[in-house]
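First up is the structure itself, then whatever we jot down about it.
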Amino acid sequence: MILDKLADATRRRVEALKAQTPPEELKSRALAMDRGAFPFEAALRAPDIAVICEVKRASPSKGVIAGEFPYLDIARDYEKAGADAVSVLTEPDYFLGHPDYLSGIRAQVGLPLLRKDFILDDCQLYESKLIGADAVLLICALLDTETLKSYIGICDSLGLSALVEAHDAPEIRSALAAGARIVGVNNRDLRTFQVDLGNSVRLRPLVPGDILFVAESGIKTAEDVGLLRRAGVNAVLIGETLMRSGDKKAALRELRGMA
Ligand SMILES: O=C(O)c1ccccc1NCC(=O)[C@H](O)[C@H](O)COP(=O)(O)O
Numbered sequence: 001m002i003l004d005k006l007a008d009a010t011r012r013r014v015e016a017l018k019a020q021t022p023p024e025e026l027k028s029r030a031l032a033m034d035r036g037a038f039p040f041e042a043a044l045r046a047p048d049i050a051v052i053c054e055v056k057r058a059s060p061s062k063g064v065i066a067g068e069f070p071y072l073d074i075a076r077d078y079e080k081a082g083a084d085a086v087s088v089l090t091e092p093d094y095f096l097g098h099p100d101y102l103s104g105i106r107a108q109v110g111l112p113l114l115r116k117d118f119i120l121d122d123c124q125l126y127e128s129k130l131i132g133a134d135a136v137l138l139i140c141a142l143l144d145t146e147t148l149k150s151y152i153g154i155c156d157s158l159g160l161s162a163l164v165e166a167h168d169a170p171e172i173r174s175a176l177a178a179g180a181r182i183v184g185v186n187n188r189d190l191r192t193f194q195v196d197l198g199n200s201v202r203l204r205p206l207v208p209g210d211i212l213f214v215a216e217s218g219i220k221t222a223e224d225v226g227l228l229r230r231a232g233v234n235a236v237l238i239g240e241t242l243m244r245s246g247d248k249k250a251a252l253r254e255l256r257g258m259a
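Printed below as a string of structure tokens:
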């Protein structure tokens, strides 16, 4: 299954990161940074459904999405188009991402930034803070409840928000037991790559109203966003649809049903 391959590749990157910089040094440098005021969470509490726009070059399900990849222009276009936050894929092996994409975007874009990667070790949380992330993705299928809880605690100490991703009811229960303040439901089944927006709609009632709910993956039209808005979703995370659009502003207006 793809998650096993992603986890194996991540473990190799974690070893390389630790060989490059001792974990204690990563930790002390990250903790010395300003903690901030959790801008990612604030952005998701928008009056209408918030849109997190993703900078995504390739994916395991779709292969290369963007042959040309002017990631700074893409992120700046998202900001000009009225995105609420930007998600940046930094995973190099299957998504052709890089941590430098996030730090480069941080230098030029004022929106809250989500680091989209596969976190398996606390040193990646410190690294995420150091490269300029405001939020990280924690995936229930990769982390047990105790580890999620511990990582959310580290995120809190750094001023990072944690988007805790679930795909089914047991994973939602694990996310909530770990203290997640933002739960993301992935509409893509990572075993089959089948997308079903009904997954977010069905799981929405399991998450209390004071916890932010993000619907992730496979969102293509204003009708999709409307369905999720009516289901009480706080935010949508959209990658491929926006990446394939030449006019980000028009695409975002269209998705929000404002065209
Ligand atoms: O996108 C994939 O193929 C994928 C495969 C395995 C693990 C994660 C994957 N995607 C990460 C994401 O969460 C999406 O990039 C994000 O939700 C946006 O999805 P989309 O709008 O469908 O590009």
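Numbering-wise, the sequence shown is residues 1 to 259 according to the UniProt record's numbering.
Where a beta carbon is used, it is the ideal one built from N, C-alpha and C, also for glycine.
Keep in mind that this is a model prediction, so the values were computed, not measured.
Asked	Found
Assuming residue 140 is part of the alpha helix (DSSP H), what are its boundary residues?	Here residue 140 belongs to no alpha helix (DSSP H), and DSSP marks it neither H nor E.
With respect to 7 Å, is the separation between the Cβ of residue 161 and the closest non-hydrogen atom of ligand 1 below this value?	no
In terms of residue numbering, what span does the alpha helix (DSSP H) encompassing residue 74 cover?	71-81
Does DSSP put residue 50 in a helix, a strand or coil?	strand
Could you please give the first and the last residue of the uninterrupted alpha helix (DSSP H) stretch that includes residue 172?	169-177
Looking at residue 212: is its Cβ nearer than 8 Å to the Cβ of residue 234?	yes
By DSSP's criteria, residue 115 is part of a beta bridge. Which residues make up the other side?	88, 136
Could you tell me the distance, in whole angstroms, from the CA atom of residue 203 to the CA atom of residue 170?	10 Å
Excluding the 5 residues flanking residue 17 on each side, which residues of the same chain have their C-beta closer than 7 Å to its C-beta?	123, 127
Three or more beta-carbon pairs under 8 Å between the stretch 148-162 and the stretch 35-49, yes or no?	yes
Among 59, 54, 20, which residue has its Cα nearest to the Cα of residue 193?	59
Put residue 234 into one of helix, strand or coil per three-state DSSP.	coil
Is the distance from the Cβ of residue 87 to the Cβ of residue 62 below 8 Å?	no
Smallest Cα separation from residue 107: which of 120, 118, 131?	131
Determine the DSSP secondary structure at residue 188, reduced to helix, strand or coil.	strand
Quick one: measure Cβ to Cβ for residue 65 and residue 244, integer angstroms, because I've assumed they're closer than 8 Å.	7 Å
Grouping DSSP H, G and I as helix and E and B as strand, with all else coil, what is residue 163?	strand
Given a threshold of 16 other Cβ atoms within 10 Å of its Cβ, counted over all protein chains shown, does residue 2 qualify as buried or as exposed?	exposed
My assumption, with CB atoms under 8 Å, is that residue 224 sits in contact with residue 197. Please give the rounded CB distance.	6 Å
Under three-state DSSP, which class holds residue 55?	strand
Considering only heavy atoms of ligand 1, does any lie closer than 7 Å to the CB of residue 61?	yes
In whole angstroms, give me the CA-to-CA distance for residue 148 and residue 121.	11 Å
Name the DSSP bridge partner or partners of residue 195?	188
Distance check for residue 142 and residue 153, CA to CA, integer angstroms please.	17 Å
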